[in-house]
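Colleague: Please read through the structure below; I'll follow up with questions.
Residue numbers (my numbering): 34 to 220.
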């Protein structure tokens, strides 16, 4: 796992989930709700979040901009992370995923008490976009081409499956606990 990855849950957990996601993706919103509850309610689970915006402005592996605010939102989340508030900002973005324009991103930063001068400088820093690009490239190397794509101990479940909201996470934990960890680049 890259030191720049965002992780929550138990280190060395029996179930390691790596999520490649897009803040503007409606299916990612549902995965966010499910994964938030899973990590909150169960021991032995860790979650790593990696960016995969479906927006050609920061993802050369997609054509066009299915989610035109996704790159900016990903950068904003990274900027919140520089102020040790990634997960709080992540949650706000998913809870407000229809309002990801620049003004809203600054409003969320202000509401979380972030340093707005540092946030603005970070948002305009090319290194921030490059950081998002690192996740995109890591995802592309392991075959990510849809969001959300989840790796459960290295085994992928991708895209908008019709029964996504009916996943039995307890069963997934039992099936994948103790299996091989994520492939190189996915974690």
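All C-beta atoms, glycine included, are put in the ideal place defined by N, C-alpha and C. Just so you know, these numbers come straight off a predicted model, no measurement behind them.
Please state the DSSP three-state secondary structure of residue 114.
Modeller: If DSSP states are grouped into helix, strand and coil, residue 114 belongs with the helices.
Colleague: By the three-class DSSP mapping on this structure, what secondary structure does residue 165 have?
Modeller: Of the three classes helix, strand and coil, the one that applies to residue 165 here is helix, per DSSP.
Colleague: Kindly identify the DSSP beta-bridge partner or partners of residue 88.
Modeller: Paired residues: 98.
Colleague: According to DSSP, what are the bridge partners of residue 79?
Modeller: Its beta-bridge partners are 42 and 49.
Colleague: Rounded to whole angstroms, what is the Cα-Cα separation between residue 81 and residue 42?
Modeller: Each residue's Cα considered, the two are about 9 Å apart.
Colleague: By Cβ distance below 6 Å, which residues in the same chain neighbour residue 127 in space, the five residues on each side in sequence not counted?
Modeller: Counting only Cβ-Cβ distances below 6 Å, and skipping sequence neighbours, we find 62 and 65.
Colleague: Under a Cβ-count criterion, where at least 16 other Cβ atoms within 10 Å of its own Cβ denotes burial, should residue 195 be classed as buried or exposed?
Modeller: With a pLDDT of 47 at residue 195, under the threshold of 50, the modelled position of this residue cannot be trusted, and the question is left open.
Colleague: Which residue wins for smallest C-alpha separation from residue 116, given the options 125, 142 and 76?
Modeller: Checked all of 125, 142 and 76; the closest Cα to residue 116 is 142.
Colleague: Rounded to whole angstroms, how far is the Cβ of residue 58 from the Cβ of residue 181, which I believe are closer than 8 Å?
Modeller: That belief holds up - the Cβ atoms of residue 58 and residue 181 are roughly 7 Å apart, short of 8 Å.
Colleague: Going by C-alpha distance, which of 188, 167, 56 and 52 is nearest residue 138?
Modeller: With distances taken between Cα atoms, residue 138 lies closest to 56.
Colleague: Keeping to the same chain, check which residues put their C-beta closer than 7 Å to that of residue 100; ignore five residues upstream and five downstream.
Modeller: Answer for residue 100: 55, 57, 58, 86, 87 and 88, listed in chain order.
Colleague: With distances taken between CB atoms, is the gap from residue 178 to residue 94 smaller than 9 Å?
Modeller: It is a contact, given that the beta carbons lie within the stated cut-off.
Colleague: At the level of alpha carbons, what is the spacing between residue 92 and residue 136?
Modeller: Straight-line Cα distance between these residues: approximately 23 Å.
Colleague: For the beta strand (DSSP E) that contains residue 182, what are its first and last residues?
Modeller: Start and end: 182 to 185.
Colleague: Helix, strand or coil, according to DSSP, for residue 93 in the structure here?
Modeller: Of the three classes helix, strand and coil, the one that applies to residue 93 here is coil, per DSSP.
Colleague: By DSSP's criteria, residue 189 is part of a beta bridge. Which residues make up the other side?
Modeller: For residue 189, which the question treats as bridged, DSSP gives the partners 184.
Colleague: Going along the chain, which residues of its own chain have a beta-carbon closer than 6 Å to the beta-carbon of residue 155, five neighbours each way excluded?
Modeller: So the list reads 112, 115 and 161, once near-sequence residues are dropped.
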